[in-house]
Amino acid sequence: MQLGFLVDLRLCMGCKGCEIACKVENEVPLSTWRLRVKYVDVGSFPETRRTFTPLRCNHCANAPCERICPVSALHYIENGIVNIDKERCIGCAGCVMACPYGAIYIDPQTQTADKCTYCAHRIASSMMPSCVVACPVEANIFGDLDDPLSNISKYIQQHQGNVQVRKPEKGTDPHHFYVGGGNVQLNPLASFRGEGHNLFNKLTHLPLGGHH
Amino acid sequence: MVHEAIAATNAIVVLDVPLPGIVWGWIITMNMWAKSIGTGIIFITFFLLKKYPEETGFIRFPAVVVSIVFIHLFLFFTVIDLHQMFRFWHIFFYPHMTSAITIGAWMATGFVGLLLAMAYFIYMHPRKDKEMYDKLLGYTVILAIPVTLYTAGLMAQSTARELWQMPTESAQMILAALLAGSATMILLGGNRFNNRIKKDLGLILGLSAFSAFILYMAEYIFGGMKAEEVIATLEFIKGGEYTIMFWIGQVMAFIIPMVLVCLSIKKESYYLLKIAAVSALVGLWVAKHVWLVIPQLLNMS
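Sequences listed follow chains A and B, in order.
First residue of the first sequence: 2, per this note's numbering; consecutive thereafter.
First residue of the second sequence: -16, per this note's numbering; consecutive thereafter.
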């Protein structure tokens, strides 16, 4: 079994329901994310549109985080998920440095690394990941990539030529796919990014990711 | 995390937004800098004892003490950077051998053991056993190589950070060790070295600085031609917020030592060599810090 994710970006409407569901299910602290919906504004007024891209751990077959972890806190489980043992993690942040997708963070409460586990605890109880359940348009498709009859396998078959992964040049072999994505959605360097949040002024930043 | 105090209510509004931050900061810079001195002094001690056994015998004890101090500084900063520092022992009881961190921890432990043994034989042993010291020094030098290089391996395993490329970083680590080792030895030896030894130390310092500077400049000029991540990263030192710090590091660590070494050889001035050594040690910290930090400023997602 090889579990994987596919997001049909043509369906995603940016409701961020998946983001909230993930936060609630996994008690993800403020300022940290296991799943984040990135949005990018494209064009000039009035010809503008907003793209949405749910971003989470890619559960790579050749995961740099698993390789760099000195204590095997990040490890594969038999269904292909890259899981994390927070009791074993020493918080060296090597995985944060290694992940090309910025999917790993230091949990400010436990002071250990954390990331999306495809809701491994729910899967163990034969439930879908919380983000899949929360999605109102079924843009998140989850299943067994080794099973040709699974929804995700059929989706990949049906959309051949339009299925992408993030940063394929890194050789990580992600098990997370996107349909209908482009450079704007999948390349973090493709768009200008303003510093921080600019809805308010007089902003101060609190410490991120623990002590540092 | 971002917050703002609203004067009307004195409430704190917490905005749950992602902001990039530096995870490996000055503590890791201290780690690399102290390690460069700790292993570098061993390389230089080995060289001097082989080439000038009669004139440099007095450095056996101070050199091993300096190495022990700086390797423990390196270990101290390694441990305090861990978010769960009291789980450090997990590296030894749950080792994952594909990780450069694990390999480095094991190698550094062996290195420390050999250093302590060397210190014992040259200081506490009843016969002040120099032969045993020199024998152990051979093994210590061999182990100093992976201890120096493992950080380069760690940087290479950091797939997300394109700026840190393995062949370059391994060369930079060895050069940093030779630079720091020769600079420390120049300061350690005082005026007890003869002119030939001073000249040799100056040459090692100058050539290490020259080679490291060439590598930095090669990355600076050509690095961006292969990957867009590197272009974006180098923008932080090409007019970006780390430009001044980058050049302070380059000038102090490499350019000033190169110039002063040339002048000191020409004028046979040990005083200039000492200034070069201090400048190299300070500049090395700055240069390493900038190189460590800038890839972390890049957005990954």
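We put the CB at the ideal spot given by N, CA and C, even for glycine.
From which residue to which residue does the beta strand (DSSP E) around residue i run?
i: A:Asn80; result: Note, A:Asn80: premise wrong, no beta strand (DSSP E); not H, not E.
i: A:Arg51; result: Glu48 to Leu56
i: A:Asn141; result: Asn141 to Asp145
Quick one, which of the options has its alpha-carbon nearest residue i's?
i: A:Arg264; options: A:Arg11, A:Asn152 and A:Gln161; result: Because chain A is modelled from 2 through 213, residue 264 of chain A falls outside the range shown and cannot be assessed.
i: B:Val95; options: B:Glu224, B:Leu137, B:Lys18 and B:Asp117; result: B:Lys18
i: B:Lys33; options: B:Lys118, B:Asn178 and B:Ser191; result: B:Lys118
i: B:Met200; options: B:Met149, B:Ile180 and B:Phe229; result: B:Phe229
i: B:Val265; options: B:Ala163, B:Ile10, B:Ala102 and B:Ala100; result: B:Ala163
i: B:Gln67; options: A:Tyr77, A:Ile85, A:Asn84 and A:Ala94; result: A:Ala94
i: A:Asp9; options: A:Leu150, A:Gln110 and A:Gly182; result: A:Gly182
i: A:Cys23; options: A:Met129, A:Leu187 and A:Asn163; result: A:Met129
i: B:Phe76; options: A:Gln112, A:Ala74 and A:Gly18; result: A:Ala74
i: B:Ser165; options: B:Ile180, B:Ser153 and B:Thr151; result: B:Ile180
i: B:Asn282; options: B:Ala143, B:Gln155, B:Ala160 and B:Ser153; result: B:Ala143
Going by DSSP, what residues sit across from residue i in a beta bridge?
i: B:Ile86; result: None, per the DSSP bridge assignment.
i: B:Lys271; result: Paired residues: none, contrary to the question.
i: B:Leu184; result: For B:Leu184, which the question treats as bridged, DSSP gives no partner whatsoever.
i: A:Asp42; result: A:Arg51
i: A:Gly5; result: A:Gly144
i: A:Tyr179; result: A:Val8 and A:Gln165
i: A:Leu75; result: A:Ile85
i: A:Asp115; result: A:Tyr106
i: A:Arg37; result: A:Leu56
For residue i, count neighbouring Cβ atoms within 10 angstroms of its own Cβ and tell me buried if that reaches 16, exposed if not.
i: B:Leu31; result: buried
i: B:Phe69; result: exposed
i: A:Lys169; result: According to the sequence displayed, residue 169 of chain A carries Pro and not Lys. Exposed, because fewer than 16 other Cβ atoms sit within 10 Å of the Cβ of A:Pro169.
i: B:Pro278; result: buried
i: A:Tyr179; result: buried
i: A:Asn202; result: The predicted model places A:Asn202 with a pLDDT of 45, which falls under 50 and marks its position as unreliable, so this point remains unresolved.
i: B:Ile227; result: exposed
i: B:Tyr254; result: exposed
i: A:Gly211; result: Note that A:Gly211 scores 45 on pLDDT, short of 50, meaning its location in the model is unreliable and no value can be drawn from it.
i: A:Asp115; result: buried
i: A:Phe27; result: It is Asn, not Phe, that sits at residue 27 of chain A in the sequence shown. By the neighbour-count rule (16 or more Cβ atoms within 10 Å), A:Asn27 is buried.
i: B:Trp72; result: exposed
i: A:Gln159; result: exposed
Where do the N-terminal and C-terminal ends of the alpha helix (DSSP H) with residue i fall, by residue?
i: B:Thr131; result: Lys113 to Gln140
i: B:Asp64; result: Arg43 to Asp64
i: A:Val133; result: Ser131 to Ala135
i: B:His73; result: His73 to Phe76
i: B:Leu243; result: Ile239 to Lys250
i: A:Tyr156; result: Asn152 to Gln159
i: A:Cys100; result: Taken as a continuous stretch (DSSP letters only), A:Cys100 belongs to no alpha helix (DSSP H), as it is neither H nor E.
i: B:Ile27; result: Trp9 to Lys34
i: B:Ala159; result: Met149 to Gly172
i: B:Glu212; result: Glu211 to Leu217
i: A:Ile124; result: Ala121 to Ile124
i: A:Glu20; result: Gly18 to Asn27
i: B:Thr226; result: Thr226 to Gln233
i: A:Leu187; result: Asn184 to Leu187
i: A:Pro65; result: Pro65 to Ile69
For residue i, which residues of its own chain have a beta-carbon under 7 angstroms away from its beta-carbon, when the five flanking residues on both sides are left out?
i: A:Asn152; result: Ile142 and Gly144
i: B:Ile214; result: Gly207
i: B:Thr12; result: Trp268, Lys271, His272 and Leu275
i: B:Trp7; result: Leu275 and Gln279
i: A:Cys117; result: Arg35, Leu36, Arg57, Cys58 and Ala104
i: B:Gly21; result: Ser50, Phe53, Ile54 and Phe57
i: A:Val133; result: Asn141 and Phe143
Just to confirm my understanding: we take residue i, look at its own chain, exclude 5 residues before and 5 after, and list those with CB closer than 8 angstroms. What are they?
i: B:Ile105; result: Arg43, Phe44, Val47, Lys111, Asp112, Lys113 and Tyr116
i: A:Val72; result: Arg89, Cys90 and Ile91
i: B:Met168; result: Ile24, Ile27, Thr28, Leu31, Ile42, Ala46 and Leu184
i: A:Leu4; result: His60, Asn80, Gly81, Ile82, Tyr119, Ile124, Phe143, Gly144, Asp145, Leu146 and His176
i: A:Ile63; result: Ile is not the amino acid found at residue 63 of chain A; the sequence shown has Asn there. Taken in chain order, the residues that qualify are Gly172, Thr173 and Asp174.
i: A:Gln110; result: Pro30
Enumerate in chain order the residues of its own chain whose CB-to-CB distance from residue i is below 6 angstroms, with the five nearest sequence positions on each side excluded.
i: A:Val97; result: Ile105
i: B:Glu145; result: Ala210, Glu212 and Val213
i: A:Asn59; result: Tyr102, Pro175 and His177
i: B:Tyr203; result: none
i: B:Pro129; result: Met90
i: B:Gly300; result: Lying outside -16 to 284, the shown extent of chain B, residue 300 of chain B is not represented and no answer is given.
i: B:Tyr225; result: Phe219, Val273 and Ile277
i: A:Asn184; result: Ala191
i: B:Asn14; result: Phe57, Phe60 and Thr61
i: A:Ala135; result: Gly18, Cys19 and Ala22
i: A:Pro65; result: Ala99
Taking 8 angstroms as the cut-off, is the beta-carbon of residue i closer than that to any non-hydrogen atom of the ligand GDP?
i: A:Tyr106; result: No copy of the ligand GDP occurs in the structure displayed, which carries no ligand at all.
Problem - Residues in the region 110 to 132 of chain B having any Cβ partner in chain D nearer than 8 angstroms - result: Within the model displayed, chain D is absent; protein chains A and B are what it includes.
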